[in-house]
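With UniProt numbering applied, the sequence shown corresponds to residues 1 to 665, in that order. All residues carry an ideal CB built from backbone N, CA and C; glycine is no exception. Here the structure comes first, spelled out in structure tokens, and everything after it is commentary.
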Amino acid sequence: VCHTAIPELNEETGNYTYEAESPDEGSFLVAARELGFEFFQRTQSSVFVREKYTASGKPIEREYKILNVLEFTSKRKRMTVIVRDGEGQILLLCKGADSIIFDRLSKDGKLYLEDTTRHLNDYGEAGLRTLALAYRKLEESEYTAWNNEFQKAKTSIGADRDAMLENAADMMERDLFLVGATAVEDKLQKGVPQCIDKLAQAGLKLWVLTGDKMETAINIGFACSLLRQGMKQICITESGSEDKQEVKEDILKQITNGLEMIKQENDPHAAFALIIDGKTLAYALEDDMKLKFLGLAVECASVICCRVSPKQKALVTRLVKQGTGKTTLAIGDGANDVGMIQEADIGVGISGVEGMQAVMASDFSVSQFRFLERLLVVHGHWCYKRIAQMICYFFYKNIAFGLTLFYFEAFTGFSGQSVYDDWYMLLFNVVLTSLPVMSLGVFEQDVSSEVCLEFPAVYQQGPRNLFFDWYRILGWMGNGLLCSLIIFFINIIILYDQAFRAEGQTADLAVLGTTMFTCTVWSLNCQIALTMSHFTWIQHVTIWGSIAAWYIFLLIYGALSPRISGDAYQILVEALAPAPIYWQTTLLATIACTLPYMAHIAYQRCFEPEDHHIIQEIKYYRKDVEDQHMWTRERSKARQKTKIGFTARVDAKIRQVRAKLNKKQ
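Here it is, written out as structure tokens:
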């Protein structure tokens with residue numbers, strides 16, 4: 001009765017299916033149907049339940065008139081309906097978090113409290129999601145008086161409407177009688193432990209912010225390898241004192257003791273897990289304590305916050321984002337996760353039975369948690385590498401091109417004469433060098449997706465900013481400067497007094513500018529070809545097509561009337577193409593411009609390789625992955641041990657076995 005589900009009859013099977021706001025409600029209704037109480041109809045004012053197993057053997061249909069619905073909110077953590085049964089008795093039915101329901105029980109209503117608490121703990125340790133159920137019988141006069149106050153609050157249009165509704169609900173949801181508890185199995189999705197293991201190997205810190213109770217959260221932590229045997233748990237809970245200052249001091253003491261425990265630990269393989277509940281977290285997030293809490297949390301391998309509200313999820317996300325300066329990603333599947341998803345730098349929503357609120361509020365959407373592995377480890381790595389290389393190449397090509405103009409101005413005494421035709425400069429960024437860099441930014445893969453998943457530590461190149469630091473940017477800018485010097489002086493020296501055309505004319509401004517521009521187009525496009533690690537037909541078309549487009553343009557432009565083409569009239573056909581020195585100059589300048597980059601790459605791969613260089617070498621030559629000699633050459637040191645995940649659990653077991661063997665010896 002205490003739900004908002006809508007029944008739908010399956011005409012083929014004769015059974016009812018339920019459209020519920022949450023999977024839990026749907027599970028309750030199915031379980032009740034199996035036990036003989038079938039919810040089969042809902043109207044605007046009533047719900048109808050069919051009692052199958054009666055003393056007479058005939059099913060009985062019962063109607064419950066809905067008088068009021070006090071809806072579930074993340075702040076209230078409970079839902080209540082007030083109904084009138086067939087005998088005229090008014091009943092208040094309430095379900096919610098055990099911590100909330102237990103505080104609202106009457107003295108007589110605590111008859112089963114001890115047994116229920118024990119059952120809830122057992123359920124939580126088994127990894128089940130739990131709720132407590134309670135009810136209360138109401139007198140007609142009591143309900144009438146309360147309903148008048150509730151309707152006033154409901155029809156209020158003031159700013160304090162929500163507060164009035166909350167107060168009215170709080171007045172009625174008291175002196176409850178405990179009925180029992182429910183437990184629903186919330187299975188981990190396929191591939192969650194493996195995904196967490198890969199993300200941990202990629203160097204990511206994982207925090208769990210959940211509304212489940214502590215025992216359930218801990219059990220789920222073990223199931224998905226966030227926790228493991230031998231990991232030292234730091235559990236922070238409130239003392240239960242009514243003095244707020246005393247509670248804060250106790251929590252601060254627990255945080256301080258946790259930090260001291262970590263500092264005094266001498267075992268390099270030791271791992272700590274921080275576990276905190278929602279009530280305690282409310283104190284830990286206060287201004288005078290949140291930085292100390294954050295300091296403890298970042299020192300732990302795993303952090304699990306349980307029984308937290310949506311607002312607390314968002315506050316924790318904001319604390320990590322602002323307190324550490326790191327990039328944060330939040331992933332969730334329900335409406336309770338919307339605030340957290342919007343607060344994080346990157347929000348990922350999981351579409352499924354919990355609804356689409358999280359998906360609508362997110363930046364990315366996946367259908368299952370395990371796909372986060374590919375989103376980050378594969379596409380995250382590729383995206384960082386592509387953008388970093390693309391931006392650096394933009395600096396390089398525009399410096400290499402633009403400085404040749406500056407050198408010519410200085411060479412001619414700053415006469416204001418441009419060495420290039422206006423159409424050359426217009427086409428440079430629009431046609432001749434734009435498509436290759438776009439293909440680099442879209443299709444580049446330094447390693448394949450399979451290799452990214454096999455070696456998730458490659459992902460650390462992004463967080464460590466190995467390809468977009470000042471060393472890398474200035475290196476590309478320096479390469480552009482060197483390339484511009486090579487192109488300019490090779491052309492000036494070689495073409496000086498060089499004869500062109502059939503009449504034996506020396507190189508004029510048009511010949512010099514066109515030859516220099518040809519060298520630039522060839523050098524820059526060959527440079528980006530050397531930069532790429534992965535080629536498809538699209539890259540080949542954009543690179544070599546851009547070079548071909550330059551010659552096609554010269555043919556078309558030179559064929560136009562001299563009034564349009566000016567000094568470039570028939571320049572390729574009559575002056576450049578027949579002259580061997582034109583092709584020799586282009587070849588020499590291209591080789592000279594790309595040679596420094598090739599020398600740098602050769603030196604780096606031999607003496608200071610990055611981790612992706614090592615992996616490329618392993619895959620190409622089929623070498624042993626565990627060859628430590630290769631990894632000691634690695635400059636980025638992204639290959640590191642992790643303290644959480646399935647791999648960490650296996651490593652810990654191996655260390656335990658080795659320790660036992662050493663003791664026996």
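>> Spatial neighbours of F408 within its chain, please: C-beta separation below 6 Å, excluding the five flanking residues on both sides.
In response: V419
> Going along the chain, which unbroken runs of the alpha helix (DSSP H) with 4 or more residues stay wholly within the stretch 348-411?
Replying inline: 357-360, 381-411
>> For V49, list the residues DSSP reports as bridge partners.
In response: F39, R62
> Can you pull the DSSP bridge partners for D277?
Replying inline: C306
> Do you know how far the Cα of N167 is from the Cα of T155?
Replying inline: 14 Å
>> Please list the terminal residues of the continuous beta strand (DSSP E) segment that includes P7.
In response: 6-9
> Between L9, D85, N15, Y16, which lies nearest to C2 when the distance is taken from Cα to Cα?
Replying inline: D85
>> For L206 and Q44, I'd like the C-alpha separation in whole angstroms.
In response: 45 Å
> Taking Cβ to Cβ, would you say C195 is nearer than 7 Å to E373?
Replying inline: yes
>> Is it buried or exposed, M356, if we count other Cβ atoms within 10 angstroms and call 16 or more buried?
In response: exposed
> Using CA coordinates, which residue listed in R386, A330, E343, G339 is at the minimum distance from S365?
Replying inline: A330
> Beta carbon of F285, beta carbon of C305: below 7 Å?
Replying inline: Residue 285 is actually Leu in this sequence, not Phe. Contact flag unset, no.
> Could you check where the alpha helix (DSSP H) with R606 kicks off and where it finishes?
Replying inline: According to the sequence provided, residue 606 is Cys. The question's Arg does not apply to it. First-last of the alpha helix (DSSP H) with C606: 580-607.
> Who pairs with Q505 in a beta bridge, going by DSSP?
Replying inline: F500
>> Going by DSSP, what residue range makes up the beta strand (DSSP E) through K137?
In response: 128-138
> Taking C-beta to C-beta, are E125 and N266 nearer than 7 Å?
Replying inline: no
> Would you report the Cα separation of F293 and A273, rounded to the nearest angstrom?
Replying inline: 13 Å
> What's the gap between the Cα of S636 and the Cα of Q616?
Replying inline: Confidence in S636 is poor, its pLDDT being 48 and thus under 50, which makes the residue's placement too unreliable to answer from.
> Near E351, what residues of its chain come up, given a Cβ to Cβ distance below 7 Å and the 5 sequence neighbours on each side ignored?
Replying inline: Note that residue 351 is Ser in the sequence shown here, rather than Glu. Around S351: V359, S365, S367.
> Straight-line CA distance for residue 680 to L204?
Replying inline: An answer regarding residue 680 cannot be provided, because it is not within the stretch 1 to 665 covered by the chain.
>> Please report whether the beta-carbon of C606 lies at a distance below 7 Å from any beta-carbon of chain B.
In response: Annotation note: the requested chain B is absent from the structure, which comprises a single protein chain.
> Taking just the CA atoms, how far does H540 sit from L482?
Replying inline: 26 Å
>> Only counting the same chain, and skipping five residues up and downstream in sequence, which positions put a Cβ closer than 6 Å to that of A183?
In response: Y123, L128, T130
>> Excluding the 5 residues flanking S449 on each side, which residues of the same chain have their C-beta closer than 6 Å to its C-beta?
In response: V378
> Are residue 728 and Q445 close, meaning C-beta to C-beta below 7 Å?
Replying inline: This structure cannot settle anything about residue 728, because the visible part of the chain is limited to 1 through 665.
> Is it buried or exposed for P609, if we count other Cβ within 10 angstroms and need 16 for buried?
Replying inline: buried
> With respect to the beta strand (DSSP E) encompassing G26, which residues constitute its N-terminal and C-terminal limits?
Replying inline: No beta strand (DSSP E) holds G26; the alpha helix (DSSP H) holding it covers 23-34.
> Given E12, which residues of its chain have a CB within under 6 Å of its CB, disregarding the five upstream and five downstream residues?
Replying inline: none
>> For M425 and L554, I'd like the C-alpha separation in whole angstroms.
In response: 13 Å
> Assuming V437 and M390 make a contact with CB atoms under 8 Å, what is their CB distance in whole Å?
Replying inline: 6 Å
> If you scan the stretch 408-445 from start to end, which runs of the alpha helix (DSSP H) of 4 or more residues do you find wholly inside it?
Replying inline: 422-427, 434-443
> Can you name the residues that DSSP bridges to Q233?
Replying inline: A273
>> Let me confirm a value: P562 is counted as buried when at least 16 other C-beta atoms fall within 10 Å, else exposed. Which label applies?
In response: exposed
>> Between E242, R118, L226, M261, which has its C-alpha nearest I234's C-alpha?
In response: M261
>> Let's see if you can read the secondary structure: which residues bound the beta strand (DSSP E) around C94?
In response: 90-96
> What number of angstroms, rounded off, separates the C-alpha of Y18 from the C-alpha of D611?
Replying inline: 53 Å
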